[in-house]
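Here's the structure, in structure tokens; my notes come after.
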Amino acid sequence: MMASVYQNRRMMASVSEQLLAALDELDADKLKMFKWYLKNYYGVSAADLEKVDTSDTVDLMIKHCGPEEAVKITVDILRKMNQNYLAEELEKTHKRVTFTNIDLWTRNDFLQYSQQLTLDLNTVNEYLHLSENNRVITFTDTDQSHPDHPDRFDPVPQVLCRESVCGRCYWELEWRGGVRISVSYKSISRKGAGYECVFGCNDQSWSL
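The opening residue of the sequence shown carries number 5 in the numbering used here; numbering runs sequentially from there.
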């Protein structure tokens, strides 16, 4: 266990250096733009970002979101700013460093990051039935007559969890038949059957 703790600390230090190297390439105006984008992400408020320098910005991202998510967010923002070269360099550096720091974990190692998730009734599609305190979901052929809600997926048979996740997080699930397990930003589109609404088919979600 001590080896895992040391590994985590070394990884966080390495990520901090990678993010600092990328953000140091931005001039004052671009850094201000980076912070403007950053405030839209979960866990980092505008008040926290006000008047902080580059080093403090990196520390805040890692503190609120964890090292891995901080890298993903930074790459995403840099691309939105058309700083594609910096985004690609950060990705390459992080993958190279992560590969050299690979550590094998047991299930017990992962359980320290476990989180209980419940399904959000306001987002569930009309043909999905929730049960067992909103922790079990079943696809049906019958309209469940859920009330109208702007957050509800329509017509794609999907649902989000109530809880937000950030940084390192672990959960387990059981399933039968076809299923798509996803991680998504809350900003994913809900209305329509286009790719912008389907888990794993856009830049707002990832899916297995």
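Every residue gets a Cβ at the ideal spot worked out from N, C-alpha and C, and that includes glycine. Since this is a predicted model, take the numbers as computed values, not measurements.
Beta-carbon proximity of residue i to residue j, cut-off 7 Å
i	j	result
Leu123	Val163	yes
Val62	Ser20	yes
Leu64	Asp52	yes
Val140	Ala197	no
Ser118	Tyr174	yes
Cβ-based burial, residue i [other Cβ within 10 Å; buried from 16]
i	result
Phe143	exposed
Ala91	buried
Ile66	buried
Ala74	buried
Arg194	buried
Cys2	There is simply no residue 2 to check, as the chain begins at 5 and stops at 212 in what is shown.
Arg100	exposed
Gln87	buried
Asp207	exposed
Arg156	buried
Nearest to residue i (by Cα), restricted to the options the options
i	options	result
Asn220	Thr146, Leu121, Met37 and Asn137	Since the first and last residues shown for the chain are 5 and 212, residue 220 lies out of range.
Asn138	Gln116, Leu115 and Cys165	Cys165
Ser186	Phe203, Arg172 and Tyr174	Phe203
Lys96	Asn86, Phe157, Ser118 and Leu23	Leu23
Thr218	Glu54, Glu29 and Ile192	In the structure displayed, the chain extends from 5 to 212; residue 218 sits before or after that span and is not available.
Tyr89	Leu30, Trp109, Met37 and Glu167	Leu30
Thr58	Asp28, Pro71 and Glu200	Asp28
Contact belief for residue i with residue j at Cβ below 8 Å, rounded distance in angstroms
i	j	result
Leu94	Ala26	5 Å
Ser211	Arg172	Not a contact, Cβ separation roughly 19 Å.
Leu134	Leu121	Not really, about 13 Å apart at Cβ, beyond 8 Å.
Should the stretch 145-159 be called in touch with the stretch 170-180, which here means at least 3 C-beta pairs below 8 Å? no
Any contact between the stretch 24-41 and the stretch 72-88? By contact I mean 3 or more CB pairs, one from each, below 8 Å. yes
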